[in-house]
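Here's the structure we're looking at; comments come further down.
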Amino acid sequence: MGARRAWSRARVALDERGARARLVPVEKWFVARAFWVGDQLALVRHWRPVAYSEPLTGEELQLWSPARADAPVRNFIFPTTASTWGVSHDDRWLLRVGDGALHLHDVVTGRARARVPYEGGRALALATAGAGDELVALIGAEEGTELRRVDGSLLARYTLEGTTPTITRVYTGEGTHHNNILNDTPSWPVAVALSADARWVAIGGSDSKVRLFDRARGDRRRVLEIPWRYEERRHGGANADRNPPLDMRFRGGGDELVVAFGRGDIVTWRTRDGRELQHVPGDCSRAEARREQTRYGPQPDAAPPTPEQRAGCGRAHLGALSRDVGLLATYGGGTRVRTAGAGQPLALEFENEFVVSYLAFSPGGTLAIADIYGRVELWTRERGRAGLLRAGPTGPSSPRLSDDGRALQFSEYGFGRAPVTWDLLERRELRPALGEGERIVARAGERYVVRSGDALEHRADGCPPVTLRAVRPEQEASAWLASEGEVVALDVREYQQPHELSVHAPASRRAVALPAAPNTRIVGLSADGRRVAGIEDDARLRVWDAESGASLLTTEAPRVRATELARDGSLVAWIEDVTPRRAEVTARAIALDGSALPIASITARGWSNGLTLSPRGDELLIYTEQALTRWNVRTGEHGELPREGRVYARRVHYSRGGELLMFEHFGRVELYRDAPTLPPVGALYSLIRGDWYFENAAGAVTGSEAAPESLMTLAEGADGLEVYDGRLLWDRRERPDAYRRALAGEQLTPYVELGEDAPAPADAPAR
């Protein structure tokens, strides 16, 4: 019901109040927090618009059920980021601390209940007590810790005395050399705890000490600490040595405080007099230390673990106590679970595939073990460890768009995932059938080169595969496919061995070896397959005839940064970084078809990114980090294009007919008409879940079926700005043929116009 009410409010804002709204494609950053809300696991993932010029950042909180691992049960979107999160003990309220305030949100709807300003800078830790109107929050911030009611009233403020050893790194020049200077910095809170009745306040400091305050006796303070040996660790850039509290909880109605330290110690203090009741050392048992020794495989001849190895095995930088303070989980090199009382070992496992970033116990004692990519495993005392979520998408992606505008390929769109290719005109994903262990080396439309066992094969839809050559397991291969022909160029190499360069015509099974020096590598193939370009040791530029293997050009070209062949092979152009310390490059071009064009050159400002030739082969586009230069290589005319954000493109190329310019950025391809002012056509986005989205200059949108899941709707009306998921606005903006018509020079308009762009948002969550 809460989600329906939020959706209804959004519809009212759009339909009746004249709200302005727009769709924004976003990339999901790594998971920033993991904790439990009742029996559901909360994962907080940062997001930001794919277009980095957008002044927005935010978070999405996903609630997952262990019984359903295919999709989150609920999700909430926030237009700002928080430095720490929490949940009330009755699991009724979500608490976010950021932007100088504590924000309370309803767990069911995500709607804001209160905004409580606080002082002290960035919050690092949070604890709560009470419920409803009696809810209080202990906010541990860099410059002070505050205890506040949800009505905003300040109950107490605490500061930490003392200092903490820190490292300041002073870089003395180019490279990695630096000096590590040891400093004493004012201590800051790293963990906080609050008793159920809010009488007892505990603040764990970066200086490895715990301050205990008794509010019933005027905030009387005790300093709790344990002996430990400081180790000098500045060498090699290491941080100063510390033994900070990782987690703290009160038990027995506040009679006792249990603290888990970074060295693995579990210490219990009596609150009324600060007496140490129990101290469990952090050293691993012999069996645990032996488990660490064999984490990568059996070591039957290894000596028994030394005391130093057992101590090192117990060290951790993450820790979580269960709500009943019966269990402790820590993470150093592996995940270690013990009883929080006697320290009895229950589990020690090593994650060789991912690095744990978050540990959290549910109210029932289920431990969530999560990494920054959203992979989660669950552990229980009864069943041990079992998987929940295997991977989450991250960004950004690196899209490539074919010259005809038809095929969009994502070179990377998620952690550990293979690239995908979409046919944007037929609106279908191109998925070649691959056998076990096979991988695609290169692709052009529906043609590709596959490494299959000990062979490189050319495959095309509807045709039998053609073996190009045999390869050994230790050899790597790069391939280039002619986009307008049947030619394949191969560059096969082995560590510290010469490159083997060859050109293949799969239809005729013809192969030609390219004569070259041992250190030569292929860098390009013309679209028609007639010419191949290579570089010798970053100095000499080589061009061969693909049919005969004959050398057509060898020229001295120091520090070549990019090379481009005309589509018909009639011309080659390149960029030389003649003066690496100056922000300028020299571009050169020479004809290969026997025409009278001499070597022509110009100087362009900026650090080199790349260059591209127009389909006619007479115009060169040079793009650097500072400028975008257009140069007619036959007449010598040149000039800079309007800068805006286009100079930061990773790659720029013309459409096959030359009507469009395609600027490939992280996460998107911007399309412009090839005219003096570069009028925009639209933007094509590669979405991190493997989908795509297009918005034309008039605001009409289209994309794959799941595209709205990676979009957000920003709506601003009389009640301010709210953020919703992409489906809220999708049905009003979608025109399924918008991309096809844009390539043809037409601009479709949305079905419903919704005003101007919304400004940068304030902190207001929504469903």
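So in my numbering, spot 626 of the sequence shown is number 676, and the numbers just go up one at a time. All C-beta atoms, glycine included, are put in the ideal place defined by N, C-alpha and C. Computed from a predicted structure; not experimentally measured.
If you compare the alpha carbons of L734, R581 and E403 with that of E534, the shortest gap goes to R581. Q676 sits in coil when the DSSP states are folded into three classes, being neither helix nor strand. Cα atoms of E281 and R207: separation of roughly 33 Å, rounded to the nearest angstrom.
Every alpha helix (DSSP H) stretch that sits fully inside the segment 342-376 and reaches 4 residues is listed by chain position as 357-364. In the structure shown, E759 falls within a helical segment according to DSSP collapsed to helix, strand and coil. Of the residues Y498, L602 and V251, the one whose Cα lies closest to the Cα of G268 is V251.
Excluding the 5 residues flanking it on each side, R790 has same chain C-beta neighbours closer than 7 Å at L475, in chain order.
Sixteen is the threshold: since fewer than 16 other Cβ atoms of the shown chains lie within 10 Å of the Cβ of G512, the residue is exposed. DSSP places W780 in the helix class (H, G or I) of the three-state scheme. In the structure shown, E109 adopts extended strand secondary structure according to DSSP, grouped into three states. In summary, G414 is exposed, with fewer than 16 beta-carbon neighbours lying within 10 Å of its beta-carbon over all protein chains present. For Y789, the enclosing alpha helix (DSSP H) has its first and last residue at A788 to L793. Between the beta-carbon of L798 and that of D787 there is about 7 Å, and that keeps the pair under the 8 Å contact cut. Restricting attention to beta strand (DSSP E) runs no shorter than 3 residues, the segment 539-626 encloses them at 550-555, 560-563, 570-575, 581-586, 590-595, 601-606, 610-615 and 621-626, ordered along the chain.
Per DSSP, the unbroken beta strand (DSSP E) holding W135 starts and ends at T134 to V137. Measuring C-alpha to C-alpha distances from L531 to each of A390, R509 and Q525 identifies R509 as the nearest. Residues A639 and V683 of the same chain have their beta carbon placed closer than 6 Å to that of A650, with the five preceding and five following residues left out of the count. Boundaries for P294: no beta strand (DSSP E) harbours it, and the DSSP string shows neither H nor E there. Under the three-pair Cβ rule at 8 Å, the segment 697-708 counts as touching the segment 652-669. Rounded to the nearest whole angstrom, the C-alpha separation of E496 and D453 is 14 Å. Look at G194 here: in three-state DSSP terms it is strand.
The secondary-structure analysis by DSSP pairs A164 across a beta bridge with L154.
If you keep only unbroken beta strand (DSSP E) runs of at least 3 residues inside the segment 309-345, you get 316-320 and 326-330. Spatial neighbours of T653 in its own chain (CB-CB distance under 6 Å, excluding positions within 5 residues in sequence) are listed in chain order as E634 and T636.
Rounded to whole angstroms, A151 and T134 show a C-alpha spacing of 11 Å. Taking a contact as a CB-CB distance under 8 Å, the pair A607 and L591 counts as one, their CB atoms being some 4 Å apart. If you ignore the 5 residues before and after D264, its C-beta comes within less than 6 Å of the C-beta of R270, all in its own chain and listed in chain order.
Residue range S658 to L663 is occupied by the beta strand (DSSP E) that includes S658. Annotation for I490: the continuous beta strand (DSSP E) segment containing it runs R489 to A494.
Sixteen is the threshold: when 16 or more other Cβ atoms of the shown chains lie within 10 Å of the Cβ of Q90, as they do, the residue is buried.
According to the DSSP assignment, T752 belongs to the beta strand (DSSP E) that extends over V751 to G753.
8 Å or more divides the Cβ of M762 from the Cβ of G749. Look at the segment 202-256 and you find these whole runs of beta strand (DSSP E), each 3 residues long or longer: 204-208, 213-221, 228-236, 239-244 and 250-255.
Taking the C-beta atoms as reference points, A641 is found nearer than 8 Å to L621. Taking the Cα of E626 as reference, the smallest distance to any Cα among D643, R655, L603 and G644 is reached at R655. Under the DSSP assignment, P449 falls in the beta strand (DSSP E) whose first and last residues are P449 to L451.
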